[in-house]
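Following numbering that gives the first Met the number 0, the numbering of the sequence shown begins with 0 at its first residue and continues without gaps.
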Amino acid sequence: MSRFKRRCGGESPTTPLAASEAEGQLLVSVCNTHVDEIFNVDGDGDGHCGFRVVAKSLGLSDMDGWRHVRERMAKELMTNTNFGEDIYGITNFKKLLVIIQCDKDEATMDNCWMILPDIGHVISTSLNVMLVDI
0 MSRFKRRCGG ESPTTPLAAS EAEGQLLVSV CNTHVDEIFN VDGDGDGHCG FRVVAKSLGL
60 SDMDGWRHVR ERMAKELMTN TNFGEDIYGI TNFKKLLVII QCDKDEATMD NCWMILPDIG
120 HVISTSLNVM LVDI
């Protein structure tokens, strides 16, 4: 489906159109069917917000549950090192491990932030959940 509106006479496209109303309704329908809850977490900008969201969705404390999430994910990677290296490559595997093992109280450096979709597989396998990144 084209996102551009053409002028009369087939001239060049003008500015892109926003998603059509039908597309918007489809997104709302899918979300209403499959999304149980939408929430925001407040971590005061400490860099653990992505892991905090995962923790909250698992029913853990949104203030310190991020530690548990990171620990479970690190255990998964360390238990399956060869598999992880095959999927991500050795260099990227090591980067993911650094991100996941970051347990600083303030992980404000981007080397500790959750990166999707790369980390999504680890979230799914270590916590036995389905993750959808929109």
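Glycine included, each C-beta is placed from N, C-alpha and C at the ideal position. Only a predicted model underlies this, so the values are computations on that prediction, with no experimental measurement involved.
Asked: Pair every Cβ in the region 85-97 with every Cβ in the region 43-59, then say whether three or more of these pairs are closer than 8 angstroms.; Found: no
Asked: Is the beta carbon of residue 44 sitting closer than 8 angstroms to the one on residue 112?; Found: no
Asked: For the alpha helix (DSSP H) holding residue 122, just list the boundary residues, first then last.; Found: 119-126
Asked: Could you check which residue in 46, 53 and 65 has the C-alpha nearest to that of residue 123?; Found: 53
Asked: If you scan the region 43-101 from start to end, which runs of the alpha helix (DSSP H) of 4 or more residues do you find wholly inside it?; Found: 48-56, 64-78, 80-87 and 89-99
Asked: Quick check: the Cα distance between residue 85 and residue 70, rounded to an integer number of angstroms?; Found: 22 angstroms
Asked: So for residue 25, helix, strand or coil by DSSP?; Found: helix
Asked: Grab me the residues of residue 68's own chain with a C-beta within less than 6 angstroms of its C-beta, minus the 5 sequence neighbours each way, in chain order.; Found: 50, 53 and 54
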